[in-house]
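Residue numbers (full-length UniProt numbering): 1 to 504.
Even glycine gets a Cβ: it sits at the ideal position worked out from N, Cα and C.
The structure displayed is predicted, hence computed values, not measured ones.
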């Protein structure tokens, strides 16, 4: 009996010819599996009567002991766990090693796949969902203002917040401020003058919109091209839709075509509720123009300013409320050049599900298909599917094969459990084709000729026309036992590995 607690000394011992090592009745608790690299000629190792602990610190050694074909390892048939307490009394060789292995390649692939997916989603979101995300952020930022407004106990700080592009600032100072602040004493909020330094732009804009009775947007080509102006009008639109009051006034500083306004088609609902004023058409009558602005600021009702456009009247027509009229309704609700009257009481008569509802309340969102959105979703899905297929084929191949085997062999399992199935063979012989000569020369005479065992062999008993997987499954589950003829050729064969895996 010795008192060895570690085998680290073997790394320096230079025992390259040692073939038998007996380490019984020592105090070895952990054995590093790296010792096998320093004992290349070792054929027998005895570590019985050692207090080997049953945790992952011995997993490498136990795996080597159970799988080595060059070294016979004896750990003792009665060697039981003494530590940890939860495994006390269980057999050392029954220790579950699966929980000890961390497949680093698996984790790396999962991380890579996750990173690729995250990159695709971020690119997708920033390019196609930018405004949806911004809108969601605004909803979060403005929630406290919404609650305060609904209580009705908040005094407005300004009469109007003027949203304009910096290139139109000269017009605002030259025309608007004298007409509204100097003559009528309206309290106006302007970026450069009333925003609080030190606060973020989003906070200042939010405070200005919700701290004013109304928002006046000075629309021009510069305004439409500005990202921040677009955000301002979007937040003001959010307030308009949420409070259901005429809090947004659109003032067109120049004539704009339908094409230039097309990116704003999603605001068609708010357009018919807002006040529209055209400065180019009022150049000859500026006093009338500013009177309309005053009325829009004073009124809580729909005040449509100085419309001098031709109008279309389609009242008292049985217009149906489905997507066939979506294009016309979108234009009717968003046009700034044509006033369209469809009648305040014009109700749907078709389809039956919408009968009695107002024509102008028809939900047009379901009629529009955002092709770029669908293309991006399809691309993202294809990229994700490609990553998952590559990941599965490279790292989860055997898990998938095993799952397939479990599915294929379920009927054999059920038949076996019933116990009413007669085995067709006594044993299925699993071997590599390079070892076939040994099987015919040594095994068949000893087992079939002398003992009359019924053996199943690939080349002789597999049914032609069936897949290899089906033949192997039938052979393994149709035999009482499976005999695996292990050799270097066998270990190097993928199909032999599958056979022994299914037999296990």
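Among all the DSSP beta bridges, which residues are the ones paired with residue i?
| i | result |
| --- | --- |
| residue 123 | BP columns for residue 123 are empty, so no partner. |
| residue 283 | Its beta-bridge partners do not exist; DSSP assigns none. |
| residue 73 | 45 |
| residue 95 | DSSP output for residue 95 lists no bridge partner at all. |
| residue 20 | 44 |
| residue 483 | 429 |
| residue 278 | 252 |
| residue 347 | 358 |
| residue 188 | 160 |
Would you kindly work out how many angstroms separate the C-alpha atoms of residue i and residue j, rounded to a whole number?
| i | j | result |
| --- | --- | --- |
| residue 17 | residue 23 | 17 angstroms |
| residue 182 | residue 204 | 25 angstroms |
| residue 230 | residue 223 | 7 angstroms |
| residue 87 | residue 94 | 10 angstroms |
| residue 245 | residue 121 | 37 angstroms |
| residue 5 | residue 30 | 8 angstroms |
| residue 210 | residue 357 | 32 angstroms |
| residue 280 | residue 212 | 27 angstroms |
| residue 383 | residue 111 | 15 angstroms |
| residue 196 | residue 163 | 16 angstroms |
| residue 252 | residue 201 | 24 angstroms |
| residue 236 | residue 386 | 43 angstroms |
| residue 167 | residue 215 | 19 angstroms |
| residue 84 | residue 90 | 10 angstroms |
| residue 238 | residue 125 | 21 angstroms |
| residue 283 | residue 218 | 16 angstroms |
| residue 471 | residue 123 | 49 angstroms |
| residue 54 | residue 92 | 6 angstroms |
| residue 232 | residue 277 | 19 angstroms |
| residue 288 | residue 226 | 30 angstroms |
| residue 444 | residue 7 | 45 angstroms |
| residue 491 | residue 500 | 10 angstroms |
| residue 42 | residue 113 | 43 angstroms |
| residue 271 | residue 206 | For residue 271, the predicted structure reports a pLDDT of 48, less than 50, and the residue's modelled location is therefore unreliable. A value from the coordinates is still provided. When rounded, the distance between both Cα atoms is 21 angstroms. |
| residue 465 | residue 115 | 45 angstroms |
Out of the options, state which residue places its alpha-carbon closest to the alpha-carbon of residue i.
| i | options | result |
| --- | --- | --- |
| residue 389 | 351, 109 and 4 | 109 |
| residue 14 | 36, 28 and 6 | 36 |
| residue 481 | 445, 426, 116 and 470 | 426 |
| residue 352 | 321, 280 and 194 | 321 |
| residue 70 | 488, 496 and 493 | 488 |
| residue 32 | 468, 391 and 62 | 62 |
| residue 484 | 92, 455, 7 and 383 | 455 |
| residue 543 | 220, 82, 232 and 67 | No answer is possible for residue 543: the residues shown for the chain start at 1 and end at 504. |
| residue 469 | 452, 453 and 503 | 503 |
| residue 38 | 193, 448, 499 and 9 | 9 |
| residue 208 | 123, 194 and 221 | 194 |
| residue 431 | 423, 206, 497 and 391 | 497 |
| residue 96 | 118, 68, 44 and 57 | 57 |
| residue 20 | 40, 44 and 447 | 44 |
| residue 117 | 429, 380, 494 and 447 | 380 |
| residue 26 | 41, 46 and 40 | 46 |
| residue 248 | 254, 298, 473 and 453 | 298 |
Does DSSP classify residue i as helix, strand or coil?
| i | result |
| --- | --- |
| residue 304 | Bear in mind that a pLDDT of 39 at residue 304, under 50, signals an unreliable position, so the number given afterwards is only what the model happens to contain. Reduced to three states, the DSSP call for residue 304 is coil. |
| residue 391 | helix |
| residue 466 | coil |
| residue 80 | strand |
| residue 196 | coil |
| residue 55 | coil |
| residue 488 | helix |
| residue 476 | helix |
| residue 454 | coil |
| residue 213 | strand |
| residue 218 | strand |
| residue 321 | coil |
| residue 379 | helix |
| residue 539 | Residue numbering for the chain in the displayed model covers 1 to 504; residue 539 lies beyond these limits and cannot be assessed. |
| residue 183 | coil |
| residue 89 | coil |
| residue 13 | coil |
| residue 435 | helix |
| residue 246 | coil |
| residue 423 | coil |
| residue 68 | coil |
At the 9 angstroms Cβ level, is residue i part of the contact set with chain C, yes or no?
| i | result |
| --- | --- |
| residue 488 | No chain C appears in this structure, which consists of one protein chain only. |
Let me check you understand the geometry: is the CB of residue i closer than 8 angstroms to at least one non-hydrogen atom of the ligand FAD?
| i | result |
| --- | --- |
| residue 80 | For the ligand FAD, the structure offers nothing, since it holds no ligand at all. |
Contact the region 471-483 vs the region 434-441: 3+ CB pairs below 8 angstroms: no
Segment contact, 8 angstroms Cβ cut-off, at least three pairs: the region 44-55 with the region 66-80: yes
The region 167-181 contacting the region 282-302, beta-carbon criterion three pairs below 8 angstroms: yes
The region 182-202 in contact with the region 156-166 per 3-pair CB rule at 8 angstroms: Contact check between the region 182-202 and the region 156-166: three or more CB pairs, one atom from each, fall below 8 angstroms, which counts as touching.
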